[in-house]
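Asker: Have a look at this one before I ask anything.
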Amino acid sequence: MKKLTIAAIAMAFAGSAFAGDQDSADIHFAGEVQTNICTASLVGGGTSVQLDPTDVKTVSAATTDSVMKKDFAVSLDCTAQGSKDSISGASYDTVTGYLSPAKGTSINSSTPALDNTDVTAAGAQGVGFQVQNKDASNAVQTFTSADRVAKVIDTAAPMVFSYNVGYLNTGSGTVSGGLVAADAMFIATYQ
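Heads up: the sequence shown begins at 24 in my numbering, then just goes up one per residue.
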């Protein structure tokens, strides 16, 4: 079967190679793979934002605005570059940043919240994490590029992207007690 498929594909391409009255153009592709331009990290260190515990009744009532919010910020440090013009030889003026769900974390289909990834018997049900962007009037994050916030690149001091995160009733069944976890990644794009 493999030989027949390969022969059929070869014949399809061979037929076009012998057709008359064809025009062609050469196309050159070029690009560059850069090292990280700046360094992103969680302000205060580490890689986790730990929310305080709450109760089922409080989360059950939180259907549009999250509860037990905790502030966090992502620092984007470009100071090692020295100047905007030395950022990988390009002349970038701005950077946009936003949060996206990390591998293994999904966005809830009913609310713009990250679904709980703790699906063990100890995991809470009907609860997710809602993130709000403090740099954009506490806009609820959809975890897509539509959430991008632009900042002028500063090579003298780190740029800070400020957020808060809280528990939200996702409407995915009755809220039950248990552990809640989710992962997001910060994406920076330079222009």
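C-beta: ideal position from N, C-alpha, C; glycine also.
Which whole runs of the beta strand (DSSP E) in the stretch 64 to 90 are 3 residues long or more, in chain order?
Answerer: none
Asker: From the DSSP output, read off the bridge partner residues of serine 185.
Answerer: Ala96
Asker: Serine 128 and aspartate 138 look like a contact to me (Cβ under 8 Å); what is the Cβ gap, rounded to whole Å?
Answerer: Residue identity differs from the one stated: residue 128 is threonine in this sequence, not serine. Confirmed, about 7 Å.
Asker: Just to confirm, is the Cβ distance from isoleucine 60 to tyrosine 115 under 9 Å?
Answerer: yes
Asker: Here's the rule: buried if 16 or more other CB atoms are within 10 angstroms of the residue's CB, otherwise exposed. What is alanine 40?
Answerer: Any reading at alanine 40 needs caution, since the residue's pLDDT is 48, under 50, leaving its predicted position unreliable; the model's value is listed next. Result: exposed.
Asker: Excluding the 5 residues flanking lysine 92 on each side, which residues of the same chain have their C-beta closer than 6 Å to its C-beta?
Answerer: Asn187, Gly189
Asker: Can you give the Cα-Cα distance for alanine 144 and leucine 202, rounded to whole angstroms?
Answerer: Approximately 9 Å, taken between the alpha carbons.
Asker: Please state whether DSSP places aspartate 170 in a helix, a strand or coil.
Answerer: helix
Asker: Hey, how far is the Cα of threonine 197 from the Cα of serine 71?
Answerer: 27 Å
Asker: For leucine 74, which residues of its own chain have a beta-carbon under 6 Å away from its beta-carbon, when the five flanking residues on both sides are left out?
Answerer: Met91, Lys93
Asker: What does aspartate 138 pair with, by DSSP beta-bridge criteria?
Answerer: Gly151
Asker: Within its chain, find whatever has a CB closer than 7 Å to the CB of serine 195; leave out the 5 residues flanking it on each side and keep chain order.
Answerer: Asn131, Ser133, Gly149
Asker: Could you spell out the range, first to last residue, of the beta strand (DSSP E) harbouring alanine 211?
Answerer: 207 to 213
Asker: According to the Cβ coordinates, are alanine 96 and serine 160 closer than 9 Å?
Answerer: no
Asker: Would you report the Cα separation of aspartate 78 and glycine 200, rounded to the nearest angstrom?
Answerer: 7 Å
Asker: Of the choices Ile50, Gln214, Phe166, Asp170, whose alpha-carbon is the least far from that of aspartate 206?
Answerer: Taking the Cα of aspartate 206 as reference, the smallest distance to any Cα among Ile50, Gln214, Phe166, Asp170 is reached at Phe166.
Asker: Should phenylalanine 152 go down as buried or exposed, given a rule of 16 or more other Cβ atoms within 10 Å for buried?
Answerer: buried
Asker: Looking only at its chain, what residues have a beta carbon closer than 7 Å to the beta carbon of lysine 174, apart from the 5 residues adjacent to it on each side?
Answerer: Thr117, Val118, Met182
Asker: Go ahead and pull the three-state DSSP assignment for alanine 162.
Answerer: strand
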